[in-house]
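Undergrad: Shown below is the structure under consideration.
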Amino acid sequence: MAKQALNVRQRRERMFGPGLFSEPVWDILLELYIARAEAADVPVGNACLAASVPMTSALRWCQLLQDRAVIYRERDPKDGRRVFLRMTDESFAKLTLLLGGGNPADLLPLAE
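For reference, each letter of the sequence shown is one residue, going 35 to 146 in the working numbering.
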């Protein structure tokens with residue numbers, strides 16, 4: 035379901051043109067959610083590209099998500115120069131519930 039949501043957002047942008055739809059945080063979260071579900075790594079730069087906004091803006095959004103404990107950074111154990119972004123367990127569980135159509139009463143705000 036996350037892949038489908040991300041695909042629709044990307045197609046929507048191509049069909050109607052850039053600048054009409056902007057949800058960089060949602061795009062970053064979907065990218066990280068899909069990666070976690072597939073046991074894949076997402077370097078910071080790739081997460082920023084998924085946001086479809088300028089790199090500096092995407093980095094600010096990533097920092098905000100990290101400040102709110104939604105995501106965290108982890109150094110690549112094979113290459114200390116590279117950093118991955120990962121979704122916290124709590125955020126992954128909440129997004130799973132949200133995408134799966136669970137009970138809305140169970141959707142508590144993410145940590146601030």
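Heads up, the beta-carbon is just placed ideally off N, CA and C, and yes, glycines get one too.
#1: What residue range does the alpha helix (DSSP H) around D110 cover?
#2: Kindly indicate the opening and closing residues of the beta strand (DSSP E) around M121.
#3: Are the CB atoms of V59 and L99 within a distance shorter than 8 angstroms?
#4: Would you give the residue range spanned by the alpha helix (DSSP H) that E65 belongs to?
#5: First and last residue of the alpha helix (DSSP H) that includes S86?
#6: Please identify the residue among A69, D101 and D75 whose C-alpha is closest to the C-alpha of K112.
#7: If A81 and C96 are in contact, beta carbons under 8 angstroms, what's the gap, nearest whole angstrom?
#8: For M121, tell me which candidate among L131, K128, Y106 and E72 has the shortest Cα-Cα distance.
#9: On a Cα-Cα basis, can you pick out the residue from R94, L131, R48 and M35 that is closest to E65?
TA: With the given structure in hand:
#1: The residue you call residue 110 lines up with position 76 of the sequence shown. No alpha helix (DSSP H) holds D110; the beta strand (DSSP E) holding it covers I105 to D110.
#2: Indexing the sequence shown from 1 puts residue 121 at position 87. Where M121 is concerned, the enclosing beta strand (DSSP E) stretches over D113 to M121.
#3: The residue you call residue 99 lines up with position 65 of the sequence shown. The residue you call residue 59 lines up with position 25 of the sequence shown. Closer than 8 angstroms, so yes.
#4: Working through the sequence shown from its first residue, we reach residue 65 at position 31. Here the alpha helix (DSSP H) through E65 covers P58 to A71.
#5: Position 52 of the sequence shown, counting from 1, holds the residue named residue 86. Counting along the chain, S86 sits inside no alpha helix (DSSP H), nor does DSSP assign it H or E at all.
#6: Numbered from 1 along the sequence shown, position 78 holds the residue referred to as residue 112. Ranking A69, D101 and D75 by Cα distance to K112 puts D75 first.
#7: As a first step, residue 81 must be located in the sequence shown, where it is residue number 47. As a first step, residue 96 must be located in the sequence shown, where it is residue number 62. That belief holds up - the Cβ atoms of A81 and C96 are roughly 6 angstroms apart, short of 8 angstroms.
#8: The residue labelled residue 121 in the question sits at position 87 within the sequence shown. Of the listed residues, the one whose Cα sits closest to M121 is Y106.
#9: Walking along the sequence shown from the start, residue 65 turns up at place 31. The option with the nearest alpha carbon to E65 is M35.
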